[in-house]
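> Residue numbers (the working numbering): 37 to 234. Note that beta-carbon positions come from the ideal geometry of N, C-alpha and C, so glycine has one too.
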């Protein structure tokens with residue numbers, strides 16, 4: 037069986053936990069392929085779908101939308117994403133819905149794969165914050181697209197939200213901060229574990 041995990045940096049697993057490697061360990065005999073690309077918006081994932089289809093997968097999971105959601109939180113973040121990917125427009129919720137629907141449709145039409153859409157994860161830890169609410173909006177979009185397209189929905193955002201309920205947020209998420217870059221430097225250059233950094 038061939039499982040392709042399609043997504044952005046969360047799937048790529050270079051600066052966060054590598055859940056694809058965990059799947060590989062838990063599914064012996066399954067060819068688990070990491071098709072994550074750092075910082076990728078949903079429009080660019082759609083653009084590179086030919087490569088995934090050509091691999092003739094049996095199962096495809098799609099975890100995308102965090103960068104789209106982040107771009108709606110601040111103009112500097114939106115500008116950086118447009119510049120990095122040479123986007124004509126800033127990602128929007130409507131654009132995310134259209135891109136995700138197109139991804140699901142193409143995978144269903146052009147492969148025999150079972151398809152599962154994961155909701156984008158929670159952005160930050162403060163359940164009352166705009167980033168968390170925005171990630172929930174994008175999760176609702178993923179849930180609707182999955183239902184409309186007749187594919188499996190995996191509620192990552194909802195599970196994370198439930199886990200965070202009743203906890204005290206750590207560092208407050210700020211979309212324009214250098215938190216992620218600082219964490220990457222600590223992890224890759226100083227060898228600190230991700231749990232220690234968080």
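By a C-beta neighbour count over all protein chains shown, 10 Å radius and 16 as the cutoff for buried, is residue 196 buried or exposed?
Its Cβ being crowded by 16 or more others within 10 Å, residue 196 is buried.
> Along the chain, which unbroken stretches of the alpha helix (DSSP H) at least 4 residues long are found entirely within the stretch 171-212?
Fully enclosed alpha helix (DSSP H) runs of 4 or longer: 192-200.
> Is there contact here, the stretch 81-95 with the stretch 56-63, by at least three beta-carbon pairs under 8 Å?
Counting Cβ pairs under 8 Å, fewer than three are found: no touch.
> Does the stretch 147-166 come into contact with the stretch 84-103, if we say contact requires no fewer than three beta-carbon pairs (one atom in each stretch) closer than 8 Å?
Touching, yes.
> Since residue 99 is in the beta strand (DSSP E), which residue starts that stretch and which ends it?
Taken as a continuous stretch (DSSP letters only), the beta strand (DSSP E) holding residue 99 covers 95-99.
> Looking at C-alpha atoms only, which residue of 68, 184, 159 is the closest neighbour of residue 172?
Answer by Cα proximity: 159.
> On the CB-based measure, 16 or more other CB atoms within 10 Å of its CB, does residue 47 come out buried or exposed?
Counting Cβ neighbours within 10 Å, residue 47 comes out buried, since at least 16 surround it.
> DSSP beta-bridge partners for residue 69?
Its beta-bridge partners are 40.
> Measuring alpha carbon to alpha carbon, tell me which of 50, 74, 88 ends up nearest residue 39.
Ranking the options by Cα distance to residue 39, first place goes to 88.
> CB residue 174 to CB residue 105, shorter than 9 Å?
Contact flag set, yes.
> In this structure, how does DSSP classify residue 163 when only helix, strand and coil are distinguished?
In this structure, residue 163 counts as coil in the three-state DSSP scheme.
> Assuming residue 163 and residue 200 are in contact, meaning their beta carbons sit under 8 Å apart, how far apart are those beta carbons, in whole angstroms?
The pair is a contact, with the Cβ atoms about 6 Å apart (cut-off 8 Å).
> Just the Cα atoms here: how many angstroms apart are residue 119 and residue 113?
Looking at the two C-alpha atoms, the distance is approximately 10 Å.
> Measure the C-alpha to C-alpha separation of residue 180 and residue 50 and round it to an integer number of angstroms.
Rounded to whole angstroms, residue 180 to residue 50 spans 30 Å at the Cα level.
> Note down, in chain order, each residue of its chain lying with its Cβ closer than 7 Å to the Cβ of residue 141, except the 5 sequence neighbours on either side.
Correct list, in chain order: 185.
> If you drop the 5 nearest sequence neighbours on each side, which residues of the same chain put their C-beta closer than 7 Å to that of residue 121?
Once the five neighbours on either side are set aside, the close Cβ partners of residue 121 are 77, 80.
> Please list, in chain order, all residues of the same chain as residue 127 whose beta carbon is under 6 Å from its beta carbon, the five residues on each side excluded.
Counting only Cβ-Cβ distances below 6 Å, and skipping sequence neighbours, we find 77, 104, 107.
> What's the C-alpha gap between residue 204 and residue 198?
Using only the alpha carbons, I get a separation of about 13 Å.
> Suppose you measure from the CA of residue 156 to the CA of residue 206; what does that come to, to the nearest Å?
Each residue's alpha carbon lies about 20 Å from the other.
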